[in-house]
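Undergrad: The following block contains the structure, expressed as structure tokens.
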Amino acid sequence: MRAAFVDANASLADVMRRLHRPDDLPVAIHEDPDITPEALPAMLAGVQIAIDDHTHFPVDVVKRCPDLKHIVFLGTGARSYMDPEALEAECGVKVHIIKGYGDTAVAEMAFALMWGAARGLGLMHHAIKGGGWPRTDGMQLTGKTVGIIGFGGIGAEMARLCAGAGMKVLAWNRTPKTAPGVTFTDIDTLLAGSDVVSLHLLLNDETRGFLDAARLARMKPGALFVNTARGAIVDEAALTEALRSGRIGAAGLDVFVEEPLPAGHPLAALDNVVLASHSAFRTPEATDNLIEASLVHCRRIVREGA
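Each residue of the sequence shown is one higher than the one before, starting from 6 at the first, in this note's numbering.
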């Protein structure tokens, strides 16, 4: 069997070379993060496993990759780039995702965005660079309540960080869970009772648009909103309007419906928003975990002869 890393940037390529073992299956590393889907059939001739960081795999393109049997997606958000069910049903290609590799990294970014939004760091940073000196009041978070939507590995890490900072922790999860120091409740109670709402759901058909305008309106007036999950889980237009009106006091956002964020996007014009470029998972530790996990997937596929 052969594998190909289809869209490695320089740093990911270096990590793959460092972690690849001599007894691993061969992995051809294509250092072109801007590869287009149309280039995939030629690249994947004779390749059974594609390792994918961010390239789209449309069904019509994969149908022209007859040797391909597996796609190992570097992360959990494969649905943003492909339709796993359709690929398996129509092409016989199984999509594998990697969970847990960046739980701490993403939670730390959510924690940082929460504090940045609470203290207006984005506004002050840009104003000072432009010669200004704004001194605005912020929200003190110690003693406040954070509501965590989705209690997987990242949500659990966010709960640990917030509890350590003296915050009360509410949580809602699609399946029942328990955790020390965390009060699990229904979604409406969480939204109404939280000074900060932090989103940690996977994007799928059930969660797309989960935080719609009606649910956003149930948040405590002036509360903060943090999203390091996926932009499409939220009604972005309704969120923008709630921030513009002050109904939601501030937001820290690492993900958006369209990425990169288009020029002139209304969220970028708001003073009460701290923006990041979908980089929550980008730490050396998380990258090592991610690439090692992709190689583990490849070893398992070879071992099982799938």
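Beta carbons: idealized from backbone N, C-alpha and C, even for Gly. Predicted, not measured: the structure shown is a model, and the values here were computed from it.
Which one of Val307, Gly198, Arg308, Phe286 has the shortest CA to CA distance from Lys104?
TA: Closest option to Lys104, Cα to Cα, is Phe286.
Undergrad: For Val260 and Lys173, I'd like the C-alpha separation in whole angstroms.
TA: C-alpha separation (whole angstroms): 25 Å.
Undergrad: Using 10 angstroms around the beta-carbon of Lys134, count the other beta-carbons present and answer buried if the total reaches 16, otherwise exposed.
TA: With fewer than 16 other Cβ atoms within 10 Å, it is exposed.
Undergrad: Can we say the region 239–246 touches the region 180–192, given the rule of at least three CB pairs closer than 8 Å?
TA: Counting Cβ pairs under 8 Å, fewer than three are found: no touch.
Undergrad: Assuming contact is defined by CB atoms lying nearer than 8 Å, are Asn277 and Gly254 in contact in what I supplied?
TA: Yes, these two residues count as a Cβ contact at 8 Å.
Undergrad: What does the alpha-carbon distance come out to for the pair Arg22 and Asp12?
TA: Their backbone Cα atoms lie some 14 Å apart in a straight line.
Undergrad: By how many angstroms is the C-alpha of Val20 removed from the C-alpha of Gly198?
TA: Gly198 and Val20: Cα-Cα distance of roughly 43 Å.
Undergrad: Roughly how many angstroms lie between the CA atoms of Gly269 and Val77, to the nearest whole one?
TA: So the alpha carbons of these two residues sit roughly 35 Å apart.
Undergrad: Would you report the Cα separation of Leu208 and Met224, rounded to the nearest angstrom?
TA: In a straight line, the C-alpha of Leu208 is about 21 Å away from that of Met224.
Undergrad: Tell me whether Phe116 sits in a helix, a strand or coil according to DSSP, three-state version.
TA: Helix, per DSSP.
Undergrad: Hey, would you say Ile306 sits closer than 8 Å to Ile54, going by beta carbons?
TA: Contact: yes.
Undergrad: Could you tell me the distance, in whole angstroms, from the CA atom of Ala44 to the CA atom of Ala50?
TA: One C-alpha to the other measures close to 11 Å.
Undergrad: Is it the case that the region 211–225 contacts the region 135–148, given that we only count it when at least three CB pairs across the two stretches are under 8 Å?
TA: No, they do not touch.
Undergrad: What did DSSP end up calling Ile56 once you bin it into helix, strand or coil?
TA: In this structure, Ile56 counts as strand in the three-state DSSP scheme.
Undergrad: Three Cβ pairs or more, each shorter than 8 Å: is that satisfied between the region 287–300 and the region 104–123?
TA: The answer is yes - the region 104–123 touches the region 287–300, with three or more Cβ pairs under 8 Å.
Undergrad: Just to confirm the assignment, what range does the alpha helix (DSSP H) spanning Asn294 have?
TA: Element bounds for Asn294: 289–309.
Undergrad: Starting from His25, trace the beta strand (DSSP E) both ways and give me its first and last residue.
TA: Where His25 is concerned, there is no enclosing beta strand (DSSP E), given that its DSSP letter is neither H nor E.
Undergrad: Using a Cβ-Cβ cutoff of less than 8 Å, which residues in the same chain neighbour Glu241 once the five nearest sequence positions on both sides are dropped?
TA: Answer for Glu241: Phe261, Val262, Leu272, listed in chain order.
Undergrad: Using a 10 Å radius around the Cβ and a threshold of 16 neighbouring Cβ atoms, would you call Val301 buried or exposed?
TA: Classification of Val301: exposed, given that the 10 Å Cβ count is below 16.
Undergrad: Since His131 is in the alpha helix (DSSP H), which residue starts that stretch and which ends it?
TA: Start and end: 126–134.
Undergrad: Please list the terminal residues of the continuous alpha helix (DSSP H) segment that includes Thr194.
TA: 192–198 is the extent of the alpha helix (DSSP H) around Thr194.
Undergrad: Name, in chain order, the residues that DSSP records as bridge partners for Asn232.
TA: Paired residues: Leu204, Leu258.
Undergrad: Going by CA-CA distance only, name the one from Ala291, Ala91, Ile102, Ala298 that's closest to Ala83.
TA: Nearest C-alpha to Ala83: Ile102.
Undergrad: Report the rounded CA-to-CA distance for Met6 versus Pro71, giving the unit in angstroms.
TA: So the alpha carbons of these two residues sit roughly 14 Å apart.
Undergrad: Tell me, which residues are paired with Leu166 by DSSP?
TA: Leu166 is not bridged to any residue.
Undergrad: Can you tell me whether Val66 is helix, strand or coil according to DSSP?
TA: Correct three-state label for Val66: helix.
Undergrad: What's the gap between the Cα of Ala122 and the Cα of Ser282?
TA: Distance between the alpha carbons of Ala122 and Ser282 is about 15 Å.
Undergrad: Restricting to Cα atoms, I'd like to know which of Asp28, Phe230, Glu93, Val67 is closest to Leu280.
TA: Here the closest residue by C-alpha is Phe230.
Undergrad: Mapping DSSP to helix, strand and coil, what is Val111?
TA: Residue state, collapsed to three classes: helix.
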